[in-house]
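J.:
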Amino acid sequence: MEKDGILRCFGIVAEECGILPVGNGHINDTFKAVDSRTGRSYILQRINHNVFRDVDLLQENIGKVTAHIRRKLEASGETDIDRKVLTLVKRGDSEKTYLQDGDSYWRVELMITDAETRESVTQENARHAGVAFGRFQEMLSDMPDVIGESIPDFHNMELRLLQLDEAVKADVAGRLGTVRELLYELRKRAEHACLAERLYREGRLSKRICHCDTKVSNMLFDSNGSVLCVIDLDTVMPSFVFSDFGDFLRTAANNGDEDDRDLDRVEFDMDIYRAFTEGYLEGAGGFLTETEIANLPYAAERFAYMQAVRFLTDYLNGDTYYRISYPDHNLVRARAQFKLLQSIEGCLPEMAELTDRLASKYAACPPGKSMPRM
Ligand code: GN1
Ligand code: MG
Numbered sequence: 002m003e004k005d006g007i008l009r010c011f012g013i014v015a016e017e018c019g020i021l022p023v024g025n026g027h028i029n030d031t032f033k034a035v036d037s038r039t040g041r042s043y044i045l046q047r048i049n050h051n052v053f054r055d056v057d058l059l060q061e062n063i064g065k066v067t068a069h070i071r072r073k074l075e076a077s078g079e080t081d082i083d084r085k086v087l088t089l090v091k092r093g094d095s096e097k098t099y100l101q102d103g104d105s106y107w108r109v110e111l112m113i114t115d116a117e118t119r120e121s122v123t124q125e126n127a128r129h130a131g132v133a134f135g136r137f138q139e140m141l142s143d144m145p146d147v148i149g150e151s152i153p154d155f156h157n158m159e160l161r162l163l164q165l166d167e168a169v170k171a172d173v174a175g176r177l178g179t180v181r182e183l184l185y186e187l188r189k190r191a192e193h194a195c196l197a198e199r200l201y202r203e204g205r206l207s208k209r210i211c212h213c214d215t216k217v218s219n220m221l222f223d224s225n226g227s228v229l230c231v232i233d234l235d236t237v238m239p240s241f242v243f244s245d246f247g248d249f250l251r252t253a254a255n256n257g258d259e260d261d262r263d264l265d266r267v268e269f270d271m272d273i274y275r276a277f278t279e280g281y282l283e284g285a286g287g288f289l290t291e292t293e294i295a296n297l298p299y300a301a302e303r304f305a306y307m308q309a310v311r312f313l314t315d316y317l318n319g320d321t322y323y324r325i326s327y328p329d330h331n332l333v334r335a336r337a338q339f340k341l342l343q344s345i346e347g348c349l350p351e352m353a354e355l356t357d358r359l360a361s362k363y364a365a366c367p368p369g370k371s372m373p374r375m
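In terms of this note's numbering, the sequence shown is numbered consecutively and its last residue is 375.
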């Protein structure tokens, strides 16, 4: 079916020639369309079914999460709610919020109007991002519905390490010889990297509903610089709060690029850490436990480490997951993430001291005060 036909199934009338590609996502294909009768704008997306294998679960998750956030915003007297939470459009003929057409899966959302994105991170927008992602987790912390994992074991560190071991054993691309030193360094840190999984097994850490793809490009800003809305809810799933805290810093607090060959540029930026942590603790309010707050510096380590492991695994597997631009791209990425990890390790005492200080200012449950919630 053509895209205008897909839209008609969602009750929207648009000319095929006016349905234009937008955004720069790597996973789904995204288009903008305007309903010629009402003038209202919509986002049409083809969902990448190879990454998100259970589209029914995916769409149910997003439906539950957005409905819960909408109820919270209404209860707190917010106005302009259609710009502050995503709205999925239902099909005309069913309660479903997606349509399968042959091999493709499609969904439609209301387009959020007069919104801007930011591609680079400053101290100011890092603080705004912290508030937005902290508040996002906080709003979902009492959601009664259960939601599933749209990518099973997505942020499971123990499984990521098993996948690395398998890739090493198979060495299908014959690349093991070039990565031995990096492998040795990563394995030395494996036990520490799995701290969250251990705390969870011991009943000292809970899973919450997290965004799991926190980056500055996944937020929409109002023209005055404040955050309107958190977007890209495909990976929203139960995880440790560390997912959202750590993965944001992995991208935002790196002075170099994710795939920088010049490792001298790859340094952890403590000013971004301070601004983001301050915002995050303010946004999260009182729901975080002592264990969660005390391990926020670990969250930053965990995600630089996890990404080094994932890139190295893909390199050994012959580049089957991440899109690459040149033959050793995944190795360059893995080395850059490892350099970021080393830089974070050097900052840990300062991060711990700062986090404690900010927690006593913003969080209802600062480290030292016991408020177990397991
Ligand atoms: C992928 O495609 P993008 O940039 O949103 C990956 C993340 C990684 C990231 C590394 C579904 O995200 O987990 O951190 O690449 N998403 C998926 O650049 O695997
Ligand atoms: Mg994404």
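The beta-carbon is built from N, C-alpha and C at its ideal position, and this holds for glycine as well.
1) Classify Gln138 as buried or exposed, calling it buried when 16 or more other Cβ atoms lie within 10 Å of its own Cβ.
2) How should Cys213 be labelled, buried or exposed, when 16 other C-beta atoms within 10 angstroms of its C-beta is the threshold for buried?
3) Does the Cβ of Ile28 lie closer than 6 Å to at least one heavy atom of ligand 1?
4) Can the beta-carbon of Val333 be found closer than 7 Å to that of Asp260?
5) Quick one: Cα of Gly226 to Cα of Glu120, how far?
6) How long is the line joining the alpha carbons of Arg324 and Asn25, rounded to whole angstroms?
7) For Glu79, does the three-state DSSP call read helix, strand or coil?
8) When the Cβ atoms of the region 202 to 212 are set against those of the region 160 to 180, are three or more pairs found closer than 8 Å?
9) Which of helix, strand or coil does DSSP assign to Arg47?
10) For a test of the three-state rule: what should DSSP assign to Glu283, helix, strand or coil?
11) Am I right that Ala197 and Phe241 are in contact with their C-beta atoms under 8 Å? What's the rounded C-beta distance?
12) Does the contact criterion of 3 or more C-beta pairs under 8 Å hold for the region 282 to 297 versus the region 308 to 323?
13) Let's test the definition: count the other Cβ atoms within 10 Å of the Cβ of Thr39 and tell me whether it reaches 16, buried, or not, exposed.
14) Please report the residue range of the beta strand (DSSP E) in which Leu111 lies.
15) What residue does the alpha helix (DSSP H) around Cys10 start on, and which one ends it?
16) If you scan the region 224 to 268 from start to end, which runs of the alpha helix (DSSP H) of 4 or more residues do you find wholly inside it?
17) Quick check on DSSP: helix, strand or coil for Ile402?
18) Which residues in the same chain as Leu297 place their Cβ atom closer than 6 Å to its Cβ, once the five residues preceding and following it in sequence are excluded?
19) Determine, using beta carbons only, whether Asn219 and Ile210 come nearer to each other than 7 Å.
20) Determine the DSSP secondary structure at Ala360, reduced to helix, strand or coil.
21) How many Å lie between Gln308 and Tyr281 at the Cα?
T.: Quick look at the numbers:
1) One-based indexing of the sequence shown puts residue 138 at position 137. So Gln138 ends up on the buried side.
2) Here residue 213 refers to the residue found at position 212 when the sequence shown is read from its first residue. With 16 or more other Cβ atoms within 10 Å, it is buried.
3) Reading the sequence shown from its first residue, position 27 is the one you call residue 28. Indeed, a heavy atom of ligand 1 lies less than 6 Å from the Cβ.
4) Locating residue 333 in the sequence shown gives position 332, counting from the first residue. Locating residue 260 in the sequence shown gives position 259, counting from the first residue. For the pair Val333 and Asp260, the CB atoms are nearer than the 7 Å cut-off.
5) Translated into the one-based positions of the sequence shown, residue 226 becomes position 225. Translated into the one-based positions of the sequence shown, residue 120 becomes position 119. Each residue's Cα considered, the two are about 13 Å apart.
6) Here residue 324 refers to the residue found at position 323 of the sequence shown. Here residue 25 refers to the residue found at position 24 of the sequence shown. Distance from the CA of Arg324 to the CA of Asn25, rounded to the nearest whole angstrom, comes to 14 Å.
7) Working through the sequence shown from its first residue, we reach residue 79 at position 78. DSSP, reduced to helix, strand and coil, places Glu79 outside both helices and strands of the structure shown, so it counts as coil.
8) Segments in contact, no.
9) Numbered from 1 along the sequence shown, position 46 holds the residue referred to as residue 47. It is a strand residue.
10) One-based indexing of the sequence shown puts residue 283 at position 282. Three-state DSSP puts Glu283 in a helix.
11) Numbered from 1 along the sequence shown, position 196 holds the residue referred to as residue 197. Numbered from 1 along the sequence shown, position 240 holds the residue referred to as residue 241. Yes, Ala197 and Phe241 are in contact; Cβ-Cβ is about 5 Å, under 8 Å.
12) The region 282 to 297, when compared against the region 308 to 323, does not touch it at the 8 Å Cβ threshold.
13) Here residue 39 refers to the residue found at position 38 of the sequence shown. The C-beta of Thr39 has fewer than 16 other C-beta atoms within 10 Å across all chains shown, which makes the residue exposed.
14) Here residue 111 refers to the residue found at position 110 of the sequence shown. Segment 105 to 111, the beta strand (DSSP E) holding Leu111.
15) Here residue 10 corresponds to residue number 9 of the sequence shown, with the count starting at 1. First-last of the alpha helix (DSSP H) with Cys10: 4 to 10.
16) Secondary structure in the region 224 to 268: the alpha helix (DSSP H) runs of 4 residues or longer, each lying completely within the stretch, are 243 to 253 in chain order.
17) In the structure as shown, the chain starts at 2 and stops at 375, and residue 402 therefore has no counterpart that could be examined.
18) Residue mapping note: residue 297 aligns to position 296 of the sequence shown, counting from 1. Cβ neighbours of Leu297 beyond the five flanking positions: Phe246, Thr356.
19) In the sequence shown, the residue the question calls residue 219 occupies position 218. In the sequence shown, the residue the question calls residue 210 occupies position 209. No; because the gap between Cβ atoms is not below 7 Å, this pair is not in contact.
20) Here residue 360 refers to the residue found at position 359 of the sequence shown. Of the three classes helix, strand and coil, the one that applies to Ala360 here is helix, per DSSP.
21) Position 307 of the sequence shown, counted from the first residue, corresponds to residue 308. Position 280 of the sequence shown, counted from the first residue, corresponds to residue 281. Looking at the two C-alpha atoms, the distance is approximately 22 Å.
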